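Quick note on the working numbering: the sequence shown kicks off at 366 and runs consecutively. We put the beta carbon where it would ideally sit given N, CA and C, even for glycine. Everything numeric in this text was worked out from a predicted model, so none of it was measured. Each remark here refers to the structure printed beneath this line.
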Amino acid sequence: TIEVTEPEVTVSAPEQLRVGERLRVEWTGAVHPRDYVTLVPRGSPDDTSGQFKRVGNAARADLSAPDAPGLYELRYVLNEGRRVLARAPVEVLAEDAQLSTGATLQAPEAAAPGAVIEVSWTGGADSADQRITLARGDQAIFTWVLAKKIDGPPPLRLTLPDTPGLYELRFLDVSGQQVLSRAPIEIR
């Protein structure tokens, strides 16, 4: 006798991202290089397709976040028969929304160049190396324009740079390589 078994495929991505950001998608158990991952509105019929990437011989790819905030579903789709083999929820937030993983940041949404602002936070990690950083919006997570190590209770005072633009405050657990919270700030 021949026994047919369902392939064990997983698909994963960050649970939240903002409009316009890149979504890093990872999968395991790829069945065929022509299979694909796609991001569609949550609750869409299984035959709905949105933006997609063929899995090829890779185990990860980047997709662009949709232009509209909302609840979406990342799917691994079998090319043959267009069957969905794995799913993961993804929430797309507004471009200026705060992202958080249990910790929160409180800071002004905008301030003048060179201004001194107060940043407060709740939550955190057990790590000895936690920092509040300020980065340009397009800067990699563990790089920054300025950083202050947290060595006491909130608030922390930061002097903003003189260059106007869109920035992001980040609450980082540097030793654990985790982003605990993020909040946009405009220097204008």
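Unbroken beta strand (DSSP E) stretches of 3 residues or longer found wholly inside the segment 389-430: 401-406, 417-419, 425-429, given in chain order.
If you compare the alpha carbons of F536, P473, L388 with that of V544, the shortest gap goes to F536.
The alpha-carbon separation between L531 and A462 amounts to approximately 13 angstroms.
When G421, A477, T487, V374 are compared, the shortest CA-CA separation from P398 is found for G421. Assigned with DSSP and collapsed to three states, L525 falls in coil, not helix or strand. Linking V457 to Q416 through their CA atoms gives a straight-line distance of about 14 angstroms. When Cβ pairs closer than 8 angstroms are counted between the two stretches, the segment 437-447 is seen to touch the segment 402-416, the count reaching three or more.
For E483 and K514, the gap between their C-alpha atoms comes out near 14 angstroms.
In the same chain as Q495, and ignoring 5 residues on each side of it, the C-beta atoms closer than 8 angstroms to its own belong to G489, K514, I515, F536, L537, D538, V539, L545, in chain order. For I515, there is no enclosing beta strand (DSSP E), as DSSP gives it neither H nor E.
Boundaries of the beta strand (DSSP E) around G530: 530-538. The alpha carbon of A424 has as its nearest neighbour, out of P518, A459, G394, the alpha carbon of G394.
Taking all protein chains in view, the Cβ of R407 is surrounded by fewer than 16 other Cβ atoms within 10 Å, so the residue is classified as exposed. As the crow flies, the alpha-carbon of A472 is around 9 angstroms from that of W486. Inclusion of L470 and V374 in the CB contact set at 7 angstroms is not warranted, their separation being larger than that value.
The beta-bridge partner set that DSSP reports for V384 is empty. Selection E391, T528, G541 evaluated against A453 yields E391 as nearest (Cα-Cα).
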